[in-house]
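Residue numbers (this note's numbering): 9 to 143.
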């Protein structure tokens, strides 16, 4: 399960979204209560964000946060999901939670992590700005 979860992340970062989804779902089927399930949930959330399936992205982001509430990237994913759905109140609430766990978090710092190609990072950054997160 752990290997499939990490594989899902690697394939998501490489924009092999179908393979990422398959591996993430395998990881979750093999070990549904694994405390490391935030890895496949993050992969699924970002695949959905990058393919315009924002409602699913919000659901997977929420599940990821339940598995690891202290990981800021998961909260950023939820913020972006809500912002892309036009749920700015929910996005701002999620942004507030993000800043509670990571007070120095900024969009520019997130973008500098260079996790995916610039166009995808820019789209995430635009969504995060809608929620009022600091640049």
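Even for Gly, the Cβ is constructed at its ideal location relative to N, Cα and C.
Between residue 57 and residue 48, the CB-CB gap reaches or exceeds 7 Å. The Cβ atoms of residue 81 and residue 99 do not sit closer than 7 Å to each other. Beta-carbon to beta-carbon, residue 139 and residue 91 are separated by about 5 Å, close enough to satisfy the 8 Å threshold. A distance below 7 Å between beta-carbons, with the five flanking residues on each side excluded, links residue 40 to no residue of its chain. Judged by DSSP secondary structure, residue 23 falls outside any alpha helix (DSSP H); it is assigned neither H nor E. Annotated three-state conformation of residue 113 is coil, per DSSP. Per DSSP, residue 62 is one residue of the alpha helix (DSSP H) stretching across 62-75.
No residue range can be given for residue 122, since it is assigned to no alpha helix (DSSP H) and is classified by DSSP as neither H nor E. Taking all protein chains shown into account, residue 135 has 16 or more neighbouring C-beta atoms within 10 Å of its C-beta and is therefore buried. In the structure shown, residue 134 adopts helical secondary structure according to DSSP, grouped into three states. With fewer than 16 other Cβ atoms from the protein chains shown falling within 10 Å of its own Cβ, residue 11 counts as exposed.
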